[in-house]
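Residue numbers (this note's numbering): 1452 to 1638.
Where is the CB? At the ideal position from N, CA and C, for every residue including glycine.
Keep in mind the model is a prediction, meaning the values are calculated, not measured.
Reading through the C-alpha cells given below for one structure.
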C-alpha cells in the first residue's frame, strides 16, 4: 500500500456517491477494486474510487479501492487500514487502535509496487528496496513490538515487515506467486 499523496490521489473519504463518472469507467473501477477482495467478500464490500467517492455501499467491514496508476495495486481495507491510508495522505502518524486487516488478492499492478523502506517513495530507485508483490494480506497493529520477530527482508517469500521503523509499519503476508520486479538504474 502507498501514500495516497505520493500517488497524486486526492483522498477525501465520505464524499458520497460518485457523480458524472461514465458507466464504463465506473465498471472498470469496480472491477479493479473488487479484484482485491477474497471471493467470499466481493458481493458485500463497500467500493470507493481514489477520490473517496462511493461507487457501491456494502455491509462487510471492508472498503475496496481500485489500483492507482503506477503504484501498488487494488486493495480492500478495514477501518484501521482506512485510518492508515488517511494518515499517509495527510502526512501524520496513524491512530491505530486495534489489529487491522487488508487484502490485496490481485497483488500489485505490474507498473506498481512500493518501497519496502520508504512510505513516501513514489518510484523505484536503487536505494528504496522496491517490491512488486503478488497476492497478499497486510496486517497492522497498534503495538510495533509485536512485529519485532518478523524480518524486514522480503527475499525469503514469507511474511515480512514493510516500512519497519516508521509509524506505518505493517506485516506483509504473501499468499501467491510474486510477479516480475520493476527494474531501476543501478539494480
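Asked, Found
"So, at 7 Å on beta carbons, what are the nonlocal neighbours of residue 1595 in its own chain, with the 5 sequence-adjacent residues on each side left out?", "1620"
"Ordered along the chain, which non-local residues of its own chain (more than five positions away) have a Cβ less than 6 Å from that of residue 1453?", "The pLDDT assigned to residue 1453 is 39, lower than 50, so where the model puts this residue is not dependable, and the model offers no usable value."
"Measure the beta-carbon distance from residue 1517 to residue 1484 and round it to whole angstroms, keeping in mind my assumption that it falls under 8 Å.", "5 Å"
"Return helix, strand or coil for residue 1597, following the three-state DSSP convention.", "helix"
"Does the count of Cβ pairs from the segment 1499-1513 and the segment 1540-1548 closer than 8 Å reach three?", "no"
"Considering Cα atoms alone, identify which of 1530, 1499 and 1555 is closest to residue 1549.", "1530"
"Mind checking who residue 1507 pairs with in its DSSP beta bridge?", "1498"
"Go through its chain and collect everything with a Cβ distance to residue 1497's Cβ below 8 Å, but skip five positions before and after it.", "1505, 1507, 1508, 1509, 1511, 1513, 1514 and 1515"
"Please state whether the Cβ-Cβ distance between residue 1587 and residue 1533 is less than 9 Å.", "no"
"Quick check: the Cα distance between residue 1551 and residue 1634, rounded to an integer number of angstroms?", "31 Å"
"So the candidates are 1627, 1479, 1488 and 1599; which of them puts its Cα closest to the Cα of residue 1553?", "1488"
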